[in-house]
Every structure is written in C-alpha cells, then in structure tokens.
DNA sequence: GCATCATTCAAACGTTTGTTTCAAATGAAT
DNA sequence: ATTCATTTGAAACAAACGTTTGAATGATGC
C-alpha cells in the first residue's frame, strides 16, 4: 500500500536527527529512533542518499512554494508597480520562521540543509532554490532599479545567510544570549529579521573607500 | 624534531579538503592529498578529532585575536566614548574576509566550521568564539544603549550568519549570480558587508505589528 | 661505529558503514 | 482457504572506516 507509515516514521526520525546532528549520521541511528528495521530504508527509499533527498524535499518544496505564492500575491496586488522591499523580504523570511508548528526541528533541519558542502548543495540549489531565488532577486531589483544587480545579489546572499543562521542557532541560543533571545517567539523573530534585512537592503550603494587598510 | 613539515602538509591538505567538502571526509583522502602515510595522522595528532581541532584553531585563533586587537585599538583611541557601529562591524568583518592571501580555501574552511552541527559547535564556540563575541556585543550595546540587549544579540547573530554565508558561498557564486559577484575582490566585499550590516544594526528597534498574518 | 631517538611506512586490526538476502509475516482478492 | 503481492526482520555482506602495530629508516650525539 502507498503511504504506509513506516515510510513517514523513517522520514520523521531522519528529520529530527538531522536537525540536531547534521547529515553525517549512521542509518542505524535513524532506524533505531524510528523503531524500524535497517532494511526498511533501502526498501522504501532506494538508498541513504535518496532518503535524504526525500527528507529535504518534503519541507523544502512547500516552503518555497509558499514563498513564491506570497510573492505572486504581492505582485498581483501591485499590478505592475514595484513592491516595497520590506514586503518582498517578509515574503521570503516569514514562511521559513513560521514553518514548524509542531516543533522546532523542521527549522533546524532546513538550516542544516543550507549548510551542506558545496557538492551536495549544488544539486539542492538547482532543484529547490534557484527558481525561487531568481523570483525574489528579480523583485528586489525591480524595487530598487538604481541599485546594481551585483549589490542585489550580494545583499540577497547576506539575507539568506542571516536567515539560515537564525534557523540553525536555535539550540544554542540560550547559552549564547544568556537566555535573552527566545527563538520560539516566531512573530517577533520575523519582525526582527525583516527590519534588519530591509534596512540593510535599502542602504545606499556602497561607495569606494579611499584607503581602507584596517591592520 | 618539532615543526617537521609532515605535520603542516597534513594541516594544509585537511584545510583544503574541508573547505570544499566539509568535515565528513575519510582520513585516507587527506593523507592521499598530503602525500603522507595514514598512520602519520595518529602519530602527529592523536586522532582525527584532534586533527580537526588543530586545523580549526590554526586559523580561528589568529582571526579572533586580530578582531579583538582591532577593537582594542578602536576603544583605546575613543577613550571611553562609545564607538560608531560601522567601525565595530568593520573590525569584526574585515579580518575574516581578508584572511587568506594565499588562496580562498581558508575562508571556506572557516565558513564550514561555523556550519558544524550543534554538538561540535558548542565546544568551538566556548573555546574560540564566546570571548570575542562578548567583546563585540558589549561594544555594540555601548554604541547604541537605547537598543535592548536582545536586539543587539539578534542583530549580531544575523551579521555572523551573513558573514558565514558569504564565506561559504564562494565556490558557488558564479553559478548563483551569473558571474556578477566576485568573491576575490576582498576590499569591495568588506565594504558591501559592512554597509549592509551597519544599516541593519542601526535601524530602529522593531515595533510590534498590529496584525501580521502573511498567509 | 654505535646507541638513541624521532619519524615513516606497509600491513593488519577490529568496528562500523550502507546494502543485500531470503525467509517469515501480513493483508487483500479470489 | 488459497493465492499472490507487499512489507517486515534477522542475519550476513563486502567495503570503508579510524586506529594500532612493528619493523625499517634517518638523523643526532657520543
């Protein structure tokens, strides 16, 4: 039968373990936590790699669909006019932060995914990220046409990095911030990120410094 | 004899491979690239884990020393007065970008280090990052005393994330940006990051939104 | 020349890895 | 009840892993 729950038990366990240990984990740790036989992985998914692909796709596809859907909505409502950067940035940030209503491990797993080494990342980028990213960089470019495209790209990269790190750092937050920062206050967190990124994106093009040596 | 070059051959090869493949790599790949025997790793370093510690420390210690030294200099010159955020942020960002005059793999390795799973990261944070981070968050807090400490922490985290991602993405940059962004233009890159982060840090404290649902 | 030390190397060690095998269990259809 | 395809599970697989061993090598001081 399709949709048997051994499959989802494996997906759930994998996701949870990746969230806190990354992708360098033995299969037997996963099947142990899932309470299934080791062979079940190769039966339901063909290999460990395919399993990881499935784990990533299960969250990445709806996440980026939601981002693009929000951007579609904004652009439809604006009927041709460029959007305010803040709205674009919110459409990019909010879905990632508000992702996991049933626990924080989905966020951490997405964060781990973005931190994969280049070789694995290139496939994930092409399959899940590139299309969405081009939509957003295009919208951002339209919202500030005087900003050179290279700056738009760089600033988008900095946003992505900040977001990833915010997703990734959740488990360490109390230690790092003396308990002052609470990653479970999603709405406030979205506000913080959007404010920071928007200000960063709206800052004037950086002019050449005359003499910079900081040594 | 101390300082024999098998040791540094191993360190160099490890660094290079971590830069492009992350930390999930077999020892024999390292010793192969280094042109030394597998046993040399356990002879010169006690274990694979200790080798990784040494690789990380070799770059992380001087990096964070330089950051703190720059901050010391700024604070000494300001004689008690709070510093402008831009100067603090530049002292944090520039040493990381300008790190590797002999190739880009040092940057990428530092980026990979920051992307380690929580368990490994906690040790590295306590050993290499915490002290430096507290100096910088304190300076940032002094530079904008009206900003709640939680915001200072969050914004510092977003800077760290953006910087890491800028370090990490180097190999993929051409594909992502159609060749428009060149990570080897170090000085310009520092300027971009400092401008973005400074604007983000200087934005007013985020006020509560009345009704936020972005669905 | 000889003893002493650090270093290198090929080989082997015992585990752990992802994957496969095949028999047993399960469940729906006839 | 019997058939048949699907799913499970214990065991085994070869390959790869980090580490250890012990002999060979090379340099240094006497």
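Protein chains in written order, with our numbering: chain A, 1354 to 1568; chain B, 1354 to 1568.
The beta-carbon is built from N, C-alpha and C at its ideal position, and this holds for glycine as well.
Within-9 Å CB hit, residue i to chain B
| i | result |
| --- | --- |
| residue 1408 (chain A) | no |
| residue 1354 (chain A) | With a pLDDT of 47 at residue 1354 (chain A), under the threshold of 50, the modelled position of that residue is not reliable, and the figure given next carries that caveat. Taking Cβ atoms only, chain B never reaches closer than 9 Å to residue 1354 (chain A), which makes this a no. |
| residue 1379 (chain A) | no |
| residue 1518 (chain A) | yes |
| residue 1358 (chain A) | no |
| residue 1485 (chain A) | no |
| residue 1385 (chain A) | no |
| residue 1544 (chain A) | yes |
| residue 1403 (chain A) | no |
| residue 1514 (chain A) | yes |
Where residue i falls, given that 16 or more other Cβ within 10 Å makes a residue buried
| i | result |
| --- | --- |
| residue 1530 (chain B) | buried |
| residue 1399 (chain B) | exposed |
| residue 1417 (chain B) | buried |
| residue 1396 (chain A) | exposed |
| residue 1368 (chain A) | buried |
| residue 1487 (chain A) | exposed |
| residue 1568 (chain B) | With a pLDDT of only 49 at residue 1568 (chain B), under the threshold of 50, the placement of this residue in the model should not be trusted; the figure read from the coordinates follows. Exposed, by the Cβ-count rule. |
| residue 1547 (chain B) | buried |
| residue 1460 (chain B) | buried |
| residue 1545 (chain B) | buried |
| residue 1566 (chain A) | Residue placement at residue 1566 (chain A) is flagged as unreliable, the pLDDT there being 47, under the threshold of 50; a coordinate-derived value is accordingly withheld. |
| residue 1377 (chain B) | exposed |
| residue 1613 (chain A) | Nothing can be reported for residue 1613 (chain A): it is not among the residues displayed for chain A, which extend from 1354 to 1568. |
| residue 1354 (chain B) | At residue 1354 (chain B), the pLDDT of 47 sits below 50, so the modelled position is not reliable; the number obtained from the coordinates is stated separately. Residue 1354 (chain B) is exposed by the Cβ-count criterion. |
| residue 1508 (chain B) | buried |
| residue 1429 (chain A) | exposed |
Residue i at chain A interface by Cβ criterion, 9 Å
| i | result |
| --- | --- |
| residue 1510 (chain B) | yes |
| residue 1441 (chain B) | no |
| residue 1494 (chain B) | no |
| residue 1522 (chain B) | yes |
| residue 1557 (chain B) | yes |
| residue 1376 (chain B) | yes |
| residue 1399 (chain B) | no |
Residue from the options whose Cα sits closest to the Cα of residue i
| i | options | result |
| --- | --- | --- |
| residue 1406 (chain B) | B:1462, B:1501 and B:1373 | B:1462 |
| residue 1387 (chain A) | A:1363, A:1450 and A:1380 | A:1363 |
| residue 1432 (chain B) | B:1476, B:1419 and B:1492 | B:1492 |
| residue 1402 (chain B) | B:1446, B:1454, B:1476 and B:1452 | B:1476 |
| residue 1543 (chain A) | A:1525, A:1558 and A:1519 | A:1519 |
| residue 1496 (chain B) | B:1514, B:1442 and B:1360 | B:1442 |
| residue 1389 (chain B) | B:1375, B:1409 and B:1359 | B:1359 |
| residue 1484 (chain A) | A:1545, A:1424 and A:1547 | A:1424 |
| residue 1536 (chain B) | B:1385, B:1453, B:1422 and B:1472 | B:1453 |
Beta-carbon gap between residue i and residue j smaller than 9 Å
| i | j | result |
| --- | --- | --- |
| residue 1528 (chain A) | residue 1549 (chain B) | no |
| residue 1470 (chain A) | residue 1373 (chain B) | yes |
| residue 1498 (chain A) | residue 1415 (chain A) | no |
| residue 1490 (chain B) | residue 1556 (chain A) | no |
| residue 1420 (chain B) | residue 1448 (chain B) | yes |
| residue 1465 (chain A) | residue 1383 (chain A) | no |
| residue 1512 (chain A) | residue 1525 (chain B) | no |
| residue 1319 (chain B) | residue 1455 (chain B) | The structure shown has nothing for residue 1319 (chain B), since chain B only spans 1354 to 1568. |
| residue 1516 (chain A) | residue 1559 (chain A) | no |
| residue 1523 (chain A) | residue 1521 (chain B) | no |
Interface partners of residue i on chain B, CB under 8 Å
| i | result |
| --- | --- |
| residue 1373 (chain A) | 1470, 1471 and 1472 |
| residue 1503 (chain A) | 1530, 1533 and 1534 |
Chain A residues whose Cβ lies nearer than 7 Å to that of residue i
| i | result |
| --- | --- |
| residue 1576 (chain B) | Here chain B has residues from 1354 to 1568 only, and residue 1576 (chain B) is not among them. |
| residue 1549 (chain B) | 1508, 1511, 1553 and 1556 |
Under 8 Å by beta carbon: chain A residues contacting residue i
| i | result |
| --- | --- |
| residue 1525 (chain B) | 1471, 1474, 1475 and 1478 |
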